[in-house]
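*Asks:* Just so we're aligned: 934 in the numbering used here is position 165 of the sequence shown, and the numbers increase by one with no gaps anywhere.
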Amino acid sequence: MDTVHRERTLSSRRTFLGHALGAGLALGVPLVDRAGAATEKISFRLDWIPFGRHAPYYVAVAKGYYSSAGLDVSVEQGTGTLQGLRALAAGQAQFNFNDIGSMIVVRGRENLPMKAVACVYQKPPHTIFFIRGRGISKPKDLEGKKVAYSPGDSPKAIFPAFAKANGIDESKISWLSVDPNSKNSILLNYTADAMMTYNLTLPVLQKAARPGDDIGTFVYGDWGVDFYANGILAMEDYLEKKRDVAQRFVQATLKGIEFTLANPPEAIAIMKTSHPQLNEDLALKEVPILRDLIVTDFTRQKGLGRMTREKMQHTRDLVMQYLDLKTSIPVDSLFTNEFLG
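#1: Starting from the C-beta of LEU945, find all residues in its chain whose C-beta is less than 6 Å away, skip the five residues before and the five after it, and write them out in chain order.
#2: Give the DSSP bridge partners of TRP944, in chain order.
#3: If you drop the 5 nearest sequence neighbours on each side, which residues of the same chain put their C-beta closer than 7 Å to that of LYS1041?
#4: For the candidate residues GLN846, GLY821, ILE1098, PRO894, whose alpha-carbon lies nearest to that of ASP868?
#5: Taking Cβ positions, are ALA885 and GLY993 nearer each other than 8 Å?
#6: Considering only residues of the segment 796-879, which uninterrupted alpha helix (DSSP H) runs meet the minimum length of 4 residues and lie entirely inside it, listed in chain order?
#7: Give the list of continuous alpha helix (DSSP H) stretches no shorter than 4 residues that lie fully inside the segment 1028-1076.
#8: Which runs of the alpha helix (DSSP H) spanning at least 4 residues fall entirely within the segment 944-1001, listed in chain order?
#9: Taking 8 Å as the threshold (C-beta atoms), are THR1084 and LEU987 in contact?
#10: For LEU800, which residues in the same chain have their Cβ closer than 8 Å to its Cβ, ignoring the five residues on either side in sequence?
#11: How many Å lie between ALA858 and ARG979 at the Cα?
#12: Ordered along the chain, which non-local residues of its own chain (more than five positions away) have a Cβ less than 8 Å from that of ALA792?
#13: Got a sec? Which residues, its chain only, sit under 6 Å from SER843 by beta carbon, not counting five neighbours each side?
#14: Give every residue of the same chain whose Cβ lies closer than 8 Å to the Cβ of GLU939, excluding the five residues on either side of it in the sequence, and list them in chain order.
#15: Cα separation between GLN891 and ARG876?
#16: To the nearest angstrom, report how far apart MET872 and LEU1002 are at their CA atoms.
#17: Considering just the uninterrupted stretch of the beta strand (DSSP E) at ILE897, what are its terminal residues?
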C-alpha cells in the first residue's frame, strides 16, 4: 500500500474513533483496489459459537469489505480456545479470533510461532458477577463470600492480580468449583454470592435473573488489572508469505468492527440472516459491552487494533506469573502493528 493511501486509511480510522459512535457517522476506511486480482481464500476461525459479539466479521462478509479486498473469507464457528489455536497452527485456519494470553501460553509451551496482528479487546472481559443488594458493592466485599468458578477459568487464574489491586485477602473467600454450564444458575439461585466469567455474559444473566434482581459487575479492566485479551492471530510463516493478504484482511475486518459499533441494529440484523437462531435482543445488548472492550482512550488516538510493546510485555508477564508459563518469550515476537495501516 502506498504512503498516501496508508495515511488516508489511518486518518479515516482515527476520525471514526474520535467522533464515533455518534449519529450520522460516515465510515470510510479505504480498502486496497484489487480489480483484476485473484481472490484469496481465507478461513477465519472464531473463538466460540457465534454471538452478537461476532457480528463485525459477518458484517465484513455481507457488506463486501472482504470481497472488495480480493478475499473470499469463510467465518467458521469456534470450538474453544485451545482448539482454535491448534487449528491455526495446523493450517486449518489462516486467522483466528482468540485470546492473546492463551496464545502466549501455547506459543511458550508448544513452541508454535503465532502472533497477534490486531488486538480487538483492548480491555479484558474478565468479570466477577454478583447480585446487587446482597452484601457486595465493592471488590473487598468478596471476603467472606462464596464465589463460583470453573476449572481452567482464565478469570480465576488471573484473580490474584485482581485481589492484589483491590486489597482483597484471598484466604477469606470460599471458592466453589462448578461445571461451566451451571455457573449462571449457581449465581441466580443464590447458591453462590458471586461468580466469574466474561462481561459479555451480562445480557443473558440479566434476562434470566429473578424479578427485581439487578446484576452487578467487577470488570477486571475497570479495577486495576489491564491487559490484552482477544485479538486476530496468525502464524508467523503465513504472515511472511502473505503480507499483502494479511494487510487486506486486517483492514477489512476493522471496517466490519467500525460498522458494527456505529450501526448495531443493522449489524445484528445482518448476522441474523446467516444465524436465524440468534436472539437479536440479547445480541444487540452485547454491542455496548463490546464497544467498551474495543474503544479506549488509546484507540481513539491511535486507531482500532493497535498494540504497544509496554502493554504486551505486561500481558506476557501476567501470563508467566499466573498461568504458570516458564518460557520467557521475546515481547516483539508476540505482535505486530504492520497490517493496521
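Cβ atoms here follow ideal geometry from the backbone N, Cα and C, with glycine treated the same way.
*Replies:* The relevant details are as follows:
#1: Counting only Cβ-Cβ distances below 6 Å, and skipping sequence neighbours, we find LYS915, ALA917, ALA961.
#2: According to the DSSP secondary-structure assignment, TRP944 is paired through a beta bridge with VAL916.
#3: LEU1047, GLU1049
#4: PRO894
#5: Not a contact, by the Cβ cut-off of 8 Å.
#6: 824-831, 834-837, 850-858, 869-879
#7: 1033-1043, 1049-1063, 1066-1071
#8: Taking 4 residues as the shortest admissible run, the segment 944-1001 contains the following complete alpha helix (DSSP H) segments, listed from N- to C-terminal end: 952-957, 971-977.
#9: One detail in the question is off: residue 987 reads as Phe in this sequence, not Leu. Taking 8 Å as the Cβ cut-off, PHE987 and THR1084 do not qualify as a contacting pair.
#10: Low per-residue confidence applies at LEU800: pLDDT is 47, beneath 50, and the placement is therefore not dependable, though the value from the model is reported in the following sentence. Excluding sequence neighbours, LEU800 sits near TYR834, SER837, ALA838, ARG1017, GLN1020, ALA1021, LYS1024.
#11: Using only the alpha carbons, I get a separation of about 44 Å.
#12: Here ALA792 scores only 34 on pLDDT, less than 50, and its place in the model should not be relied on; the value that follows carries that caveat. Within the same chain, ALA792 has no close Cβ partners at all.
#13: SER812
#14: PHE928, PRO929, ALA932
#15: 20 Å
#16: 8 Å
#17: Unbroken beta strand (DSSP E) run through ILE897: 895-900.
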